[in-house]
């Protein structure tokens, strides 16, 4: 079973995400280093592990959506958008480095990384327009 990231807005958590951002998930660690070098917020600072932890829990019952939403960390999407745009530009310009951004064994996802960033930018822009909060929900 793989792990991925969903872009979720607080008011629409039950809608999930129509895109599998696995390439982005497997590049977070190295993308954070690029963010640090460029003086940007780290992508990992917008991750929320609530859903992942609930899935890994040994509890018999999975919490309902309202409980998960209330327990989750939510962020201002306007703080993430400049970082996403800068990372997208970096990944597009540095095509030869793209594979090295992904965890060992996940290099085959390198072409999808740019698509993941494009999708995240579109979704975060929409969430900003809706005046909502968001997070990158880590799911498995």
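Numbering (my numbering), first residue to last: 16 to 155.
Virtual Cβ for every residue (Gly too), placed ideally from N, Cα, C.
If you draw a straight line from the Cα of residue 97 to the Cα of residue 91, it is about 12 Å long. Approximately 6 Å separates the beta-carbon atoms of residue 150 and residue 88; this is inside 8 Å, confirming the contact.
Per DSSP, the beta-bridge partners of residue 24 are 149.
Here residue 117 carries a coil assignment [DSSP, helix/strand/coil].
Judged by beta-carbon spacing, residue 111 lies beyond the 8 Å limit of residue 143, meaning their Cβ atoms are not closer than that value. In the displayed model, residue 19 falls within a strand according to three-state DSSP.
With a threshold of 16 other beta carbon atoms within 10 Å, residue 95 meets it and is buried.
Pairing residue 152 with residue 34 gives a Cβ-Cβ distance that is not under 8 Å.
Under a 10 Å Cβ-count criterion, residue 108 is classified as exposed, with fewer than 16 other Cβ atoms of the shown protein chains found around its own Cβ. One thing to note: residue 55 has its Cβ no nearer than 8 Å to the Cβ of residue 131.
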